[in-house]
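In our numbering, the protein residues as written are 207 to 456. I have placed the structure first, in the form of structure tokens, so that the comments after it can refer back to it.
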Amino acid sequence: NISLYLCSMATACSRWMRGLPEPGEGLPRGGSSSSSWGALSAKTSLWRNAENFAPAARPALDEMSEAGDYTESEDEGEANYTQGGYHRVAIHDVLGERYHVLAKLGWGHFSTVWLCEDPVSERFVAMKVQKSAPQYTEAAYDEIELLAEAAKRGGTHEWEVTQMELRSILPQVPFTGVVQLVDYFEHFGPNGKHVCMVFEPMGPNVLALIKRYNFKGVPLDIVRKVAAHTLIGLDYLHRICGIIHTDLKP
């Protein structure tokens with residue numbers, strides 16, 4: 207199909223200009239990230255220092271962030287399962303010729319997220335399946351670029367010194383506080399081309415913690431741990447990677 211070929215060529219050229227690996231080639235493993243409560247996930251609102259990396263104006267995305275658009279609803283509804291929208295994933299599907307879908311973890315404005323088993327690495331992973339409209343594809347590759355950059359720097363001497371200084375409060379070493387992207391690929395479905403990002407599995411989000419304690423307040427020791435791990439992740443991104451996170455909020 208010539209249109210799919212041209213589309214894949216254009217995507218490959220875009221990745222070449224960005225310096226990204228081809229889908230399925232894997233990503234640099236510059237130190238483990240985390241499985242902590244406060245680990246940070248890069249969104250489209252993670253940008254390089256503004257004077258060096260200014261994003262083009264994208265009003266549709268600037269008006270909303272995926273992190274801010276998660277709701278308490280367990281169901282994203284049917285309206286966005288259309289051209290440019292979500293891909294309809296089912297339990298027992300195999301995506302990327304490798305990842306076996308086990309359960310749904312959640313959803314946001316940009317994507318749905320699934321627990322999968324990877325028989326190659328013999329571990330569980332979390333897969334984010336992005337909507338297929340061009341602006342969501344672009345946002346996905348922005349996220350991949352930033353996470354790939356963050357993955358390269360976990361083994362730097364400067365960060366190793368920091369880890370030694372903070373060892374008593376780190377959940378593990380090595381630790382960056384930033385979620386690790388382990389793979390990505392493109393999946394073609396009835397609603398278009400969906401970028402799929404494969405992450406290490408994480409723990410519950412803060413909303414789940416709040417619900418766990420019946421909206422009456424999370425215990426202070428857990429709040430301290432969440433805050434500490436979040437600040438460590440921000441320090442790693444800003445000081446070590448030169449990346450500013452512009453969408454962190456309570």
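Glycine included, every Cβ here is placed at the ideal spot set by N, Cα and C.
Practice task
State the DSSP-derived secondary structure class of residue 367, mapped to helix, strand or coil.
Solution key: helix
Exercise for the section: Would you mind stating whether residue 438 and residue 364 have Cβ atoms separated by less than 8 angstroms? Expected result: no
Handout entry: 8 angstroms CB neighbourhood of residue 355 in its chain, flanking five on each side removed
Key = 447, 449
Practice task
Work out the CA separation of residue 305 and residue 289 for me, nearest whole Å.
Solution key: 24 angstroms
Handout entry: Span of the beta strand (DSSP E), counted from its first residue to its last, around residue 309
Key = 305-313
Exercise for the section: Give, in chain order, every unbroken run of the alpha helix (DSSP H) that is at least 4 residues long and sits entirely within the region 357-405. Expected result: 363-371
Handout entry: Limits of the beta strand (DSSP E) - the one that residue 334 falls within
Key = 329-336
Handout entry: Local conformation of residue 297 per DSSP, three classes
Key = coil
Practice task
Identify whether residue 464 lies in helix, strand or coil by the three-state DSSP scheme.
Solution key: Look at the range of the chain in this structure, 207 to 456, and you will see that residue 464 is not part of it.
Practice task
Alpha carbon to alpha carbon, how far is residue 343 from residue 410? Give it in angstroms, no decimals.
Solution key: 26 angstroms
Practice task
On a CA-only basis, which of 431, 428, 454 is nearest residue 440? Give me that one, please.
Solution key: 454
Handout entry: Local conformation of residue 257 per DSSP, three classes
Key = In this prediction, residue 257 has a pLDDT of 34, which is less than 50 and means its spatial position is unreliable; what the coordinates show is noted afterwards. Here residue 257 sits in coil by DSSP.
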